[in-house]
Amino acid sequence: VNEDADIAAARDGSLPAFERLVRRHQGVVRGFLRRLAGDADQADDLAQEVFVLAWRKLGDFEARGTFRGWLCRVAYTRFLQHRRADLARARAHSARSDVPASGNADIALDLDRAMTTLSEDQRAAIALCYGEGLSHGEAAEVLGMPLGTVKSHVARGREKLVAALSGWRAA
Amino acid sequence: VTDEELQRMFDRASVGPDGPFVARVMAEVTSRRDRRRAWGQALGWTAGVLCLGLAGPELRELWLAAGLSSVAAVGLVAIGAWVYAEQT
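So the protein lines, in turn, are chains A and B.
Counting in my numbering, the first sequence runs from 32 upward without gaps.
Counting in my numbering, the second sequence runs from 1053 upward without gaps.
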């Protein structure tokens, strides 16, 4: 079943179609939020809220962009709302649970630590472009930033990551 | 760390398939949908009872005694019916 058909069916209230959409995109949304929040549990809670919101707001999705991009935009907006509501918790990266994403726990932890050296905008841009494979253009739409700004955030963020991970190869 | 190595790190640290998460989301979506439906049905029943109240002279007297005019009652019924339709 293709994605457009699933989106149309989910808009009409089909839960199985929506479940297929969740299954297809959960990795992107959770991965993006994990890199932003720095806390796997908190990110998964936010991701759940994002999908619940997506179910209710599916009618707002316009086929001009990709569904993945729309979901990431919803996720980014939800993250910013959450951070505004609870700035202290969002800042407390040191208190995060450090639950590894999957696969290689050491790499996930090294990467998470390195990501904390980035500014929030750089982290969001890097998370979308490197972490979730979005193009710079898609990331610009998700983040509501000009394309040039996103490219600049990605470039500077990459420099910082490389510096933070300089000892990785030897380890 | 080269660009390719950095990309590989992200790929290896990416979130894979997660059945429990999907099940959790779907349970929440279903629960919220059911709650909304229940509220909609309750409002629909309320609207129906109000209609009966307007139609039956005795109930209508009670309704008017509560200080609400017929116009307000019709408005409430209309809102209830609209919400019901919207929720279901």
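Beta carbons: idealized from backbone N, C-alpha and C, even for Gly.
Inset, instruction - Return the first residue and the last residue of the alpha helix (DSSP H) that L84(A) is part of. - result: Looking up residue 84(A) in the first sequence gives position 53. Its alpha helix (DSSP H) spans residues A71 to K88.
Legend entry - Given 8 Å, three or more beta-carbon pairs between the stretch 1071 to 1082 of chain B and the stretch 1110 to 1122 of chain B: no
Legend entry - R1083(B) - DSSP class collapsed to helix/strand/coil: The residue given as residue 1083(B) occupies position 31 in the second sequence. Note that residue 1083(B) is Ser in the sequence shown here, rather than Arg. Here S1083(B) sits in helix by DSSP.
Legend entry - Contacting residues, own chain, Cβ-Cβ under 7 Å from R61(A) (five flanking each side not counted): The residue you call residue 61(A) lines up with position 30 of the first sequence. Contacts found: A74, D75 and A78.
Legend entry - Buried or exposed (CB count within 10 angstroms, at least 16 for buried), V1126(B): As a working note, residue 1126(B) is residue 74 in the second sequence. Exposed, by the Cβ-count rule.
Legend entry - Test: S133(A) CB closer than 9 Å to a CB of chain B: In the first sequence, residue 133(A) corresponds to position 102, counting from 1. At S133(A), the pLDDT of 49 sits below 50, so the modelled position is not reliable; the number obtained from the coordinates is stated separately. Interface annotation, S133(A): in contact with chain B, CB-CB separation under 9 Å.
Inset, instruction - Decide if the stretch 185 to 193 of chain A is in contact with the stretch 145 to 164 of chain A; the criterion is three or more beta carbon pairs, one per stretch, under 8 Å apart. - result: yes
Legend entry - Three-way DSSP call (helix, strand, coil) for E34(A) in this model: Here residue 34(A) corresponds to residue number 3 of the first sequence, with the count starting at 1. In this structure, E34(A) counts as helix in the three-state DSSP scheme.
Legend entry - Spatial distance of G90(A) from R114(A) (CA atoms): Numbered from its first residue, the first sequence carries residue 90(A) at position 59. Numbered from its first residue, the first sequence carries residue 114(A) at position 83. Between G90(A) and R114(A), the C-alpha separation is close to 26 Å.
Legend entry - Proximity of D70(A) and R51(A) at Cβ, strictly below 9 Å: As a first step, residue 70(A) is located in the first sequence; it is residue number 39 there, counting from the start. As a first step, residue 51(A) is located in the first sequence; it is residue number 20 there, counting from the start. Going by C-beta atoms, D70(A) is not nearer than 9 Å to R51(A).
Legend entry - F98(A) - DSSP class collapsed to helix/strand/coil: To locate residue 98(A), count along the first sequence from 1; it is residue 67. Note: F98(A) maps to helix in three-state DSSP.
Inset, instruction - Run the CB neighbour count on S197(A), radius 10 Å, all protein chains shown included, and call it buried at 16 or more, exposed below. - result: Here residue 197(A) refers to the residue found at position 166 of the first sequence. Exposed is the call here.
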